[in-house]
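A quick write-up on the structure given underneath.
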Amino acid sequence: MTHHFDDAALTGVLGHMNGDHADDNLLISRAFAADAGVAAAEISAATMTGFDGDRGVWEATLADGSTAEIAVAWPSGPITERREVRREIVALYDEACHRLGIEPRPHA
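Positions 1396 to 1503 (our numbering) are the ones given, in order, by the sequence shown.
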């Protein structure tokens, strides 16, 4: 059964990702675009719109102005704790960098 996070967790994580990590949202969306049937080069912007215990979800804006949902399963499998969300997003970021041939920045 998929774990659903409370409103405080959703608001906190989404606010942080969209306020402080817009470039990471774009990178993750482009790296996993093919899994959603989207051409990475067509994505001009991305916003994290949700997450649950199984995955993170981004809305990608395409060059023609349309949008596509990019849903990516957590690399370590299902999670249930808010603190695990950061670990999984960092893992997605690292995998996105690997897929796109970009050197990841160090994590604090």
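Even glycine gets a Cβ: it sits at the ideal position worked out from N, Cα and C.
Can the beta-carbon of residue i be found closer than 7 Å to that of residue j?
| i | j | result |
| --- | --- | --- |
| SER1424 | ILE1474 | no |
| THR1456 | ALA1440 | yes |
| ALA1468 | GLU1437 | no |
| ASP1447 | HIS1399 | yes |
| ALA1426 | ARG1494 | yes |
Excluding five sequence neighbours on each side, which residues of the same chain lie with their C-beta closer than 7 Å to the C-beta of residue i?
| i | result |
| --- | --- |
| ALA1404 | ARG1477 |
Check residue i in the structure and name its three-state DSSP category.
| i | result |
| --- | --- |
| THR1475 | coil |
| SER1508 | Outside the shown range of the chain, which is 1396 to 1503, sits residue 1508, and nothing can be said about it. |
| GLY1451 | strand |
| ALA1440 | strand |
| VAL1408 | helix |
| VAL1467 | strand |
| GLY1445 | strand |
I think residue i touches residue j, with their Cβ atoms under 8 Å apart; what is that distance to the nearest whole Å?
| i | j | result |
| --- | --- | --- |
| PRO1499 | GLU1483 | Rounded, the Cβ-Cβ distance is 15 Å, inconsistent with contact. |
| ALA1491 | LEU1422 | 5 Å |
Within its chain, find whatever has a CB closer than 6 Å to the CB of residue i; leave out the 5 residues flanking it on each side and keep chain order.
| i | result |
| --- | --- |
| THR1444 | VAL1452 and GLU1454 |
| TYR1488 | ASP1419 |
Just to confirm my understanding: we take residue i, look at its own chain, exclude 5 residues before and 5 after, and list those with CB closer than 8 Å. What are they?
| i | result |
| --- | --- |
| MET1412 | ASP1419, ASN1420, MET1443 and ILE1484 |
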